[in-house]
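Participant:
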Amino acid sequence: MTTTDELSVISQIRGEVKGNRVPTGENLFLAWGYPTAFFLLVEFFALILWDKIWCSWIWLGIPLVGTPLMVYFLNEDYERTHRRTLDQNVILQMWIFVGFLSCLGGVTMGFAGVFPMLYCTFQGLLVSFGCLMTGLILHFRPKTVCGIFGSALSFVSLFFQGDLWPWQLLVAVLVTILTLIIPGHLFRHYVRMERKLASL
Amino acid sequence: MSHFKFPVINPLLHSDLRLKIMVALDSLESADFMYLCQITDSTRGNLSIQITTLKDAGYLDVSKSGIGRFSRTVCRITRKGREALHAYEDGLRKMFEEEIPQKDNLIINKTQEL
């Protein structure tokens, strides 16, 4: 091969790899969104009905259900596309960090006794930040916009303090719908359209 | 007379298929055997041999995992591999840039002769 041939091979392969970038991970947002909304609602009703201290730990069901679902969908994506791009890896690492911080924050605040005051705001801000960053990395505007509105909405939960604190959980459910479920469905639709166009 | 010193060409990357594998993995976080087979347009046997060569040189990190009855081979480029590829590409570009002025001079000389 001549120098020109080798350089053209390099640019051709780079072009093919970068050109063939139908986004993946369309189910991941929903895999986290629905369990989060479900467990937060269960926690809200449990606290309203029984008002027991153990009810405030129901949120631990979110990572217990979300993590296996995430692993399952990640494997499914890999089986279909046979590759993981650098962008996908950045987004995945970021969400793992967001999830880790969210769990660590929940446990720490639970033991420190400040869970009812701060947790919903903290978790809402983290998830909104993740949503915003994902939107920016993927150039998917609905996620960016939902991330901005979600972070603003997270602060609303600060108004529910004292005996009203379970209502913070309802605000957290709204934040989840705004930052995970709605953009998740929009992204799913977008990915399916892109995949259909790519297969034509 | 030009005193252009040709860069040392890495013999491991001076092969069509090995270069394709490295370039594809440079733009990705990881890719499995099937994807590399498709993007490099090569046979499984040949690809397997070249991946082993690159792995032995420390340019690739290869991991195998079993999914049901099948096994999946996932390849990632290592830091050493990335550095080698970028050095190789820089060398090629330098050679290419040196070739073009020489060709231009040749054309100018020929037109002057005419």
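Residue numbers (this note's numbering), protein chains in the order written: chain A, 1 to 200; chain B, 201 to 314.
Ideal Cβ placement from N, Cα and C applies to all residues, glycine included.
Identify the contact partners of Lys220(B) in chain A, using a Cβ-Cβ distance below 7 Å as the criterion.
Facilitator: Val9, Ile13
Participant: Applying a beta-carbon distance threshold of less than 9 Å, which residues of chain A neighbour Asp216(B)?
Facilitator: Correct list: Met1, Asp5, Glu6, Val9.
Participant: If you draw a straight line from the C-alpha of Leu132(A) to the C-alpha of Leu197(A), how long is it?
Facilitator: 26 Å
Participant: Going by CA-CA distance only, name the one from Asp163(A), Arg84(A), Val22(A), Trp95(A) that's closest to Ser128(A).
Facilitator: Trp95(A)
Participant: Using a threshold of 9 Å, state whether the C-beta atoms of Glu26(A) and Tyr190(A) are closer than that.
Facilitator: yes
Participant: Can you tell me which of the three DSSP states Glu229(B) falls into?
Facilitator: strand
Participant: By DSSP's criteria, Cys275(B) is part of a beta bridge. Which residues make up the other side?
Facilitator: Ala231(B), Val262(B)
Participant: Leaving aside the five residues before and after Gly130(A) along the sequence, list all residues of the same chain whose C-beta is less than 7 Å from its C-beta, in chain order.
Facilitator: Met94, Trp95, Val98
Participant: How big is the Cα-Cα spacing for Thr121(A) and Glu76(A)?
Facilitator: Taking the straight line joining both Cα atoms gives about 33 Å.
Participant: Apart from the five residues just before and just after Phe115(A), which ones in its own chain have a Cβ nearer than 8 Å to its Cβ?
Facilitator: Ser56, Gly106, Met109
Participant: Should the region 173–187 of chain A be called in touch with the region 132–152 of chain A, which here means at least 3 C-beta pairs below 8 Å?
Facilitator: yes
Participant: Please determine, among Arg195(A), Thr4(A), Val22(A), Pro68(A), the residue with the shortest C-alpha to C-alpha distance to Glu199(B).
Facilitator: This structure gives no information on residue 199(B), because the portion of chain B shown stretches from 201 to 314.
Participant: According to DSSP, Arg84(A) sits in a beta bridge with which residue or residues?
Facilitator: Ser230(B)
Participant: Is it buried or exposed for Ser102(A), if we count other Cβ within 10 angstroms and need 16 for buried?
Facilitator: Classification of Ser102(A): buried, given that the 10 Å Cβ count is 16 or more.
Participant: How many Å lie between Leu47(A) and Tyr34(A) at the Cα?
Facilitator: 20 Å
Participant: Any beta-carbon of chain B closer than 9 Å to the one on Tyr72(A)?
Facilitator: no
Participant: Can you tell me which of the three DSSP states Phe160(A) falls into?
Facilitator: coil
Participant: Given that a residue counts as buried once 16 or more other Cβ atoms are within 10 Å of its Cβ, and exposed if not, what is Tyr72(A)?
Facilitator: Under this definition Tyr72(A) is an exposed residue.
Participant: Using a beta-carbon distance below 9 Å, is Tyr235(B) in contact with chain A?
Facilitator: yes
Participant: Leaving aside the five residues before and after Val223(B) along the sequence, list all residues of the same chain whose C-beta is less than 8 Å from its C-beta, in chain order.
Facilitator: The beta carbon of Val223(B) sits closer than 8 Å to the beta carbons of Leu285 from its chain, once the five residues preceding and following it are set aside; these are given in chain order.
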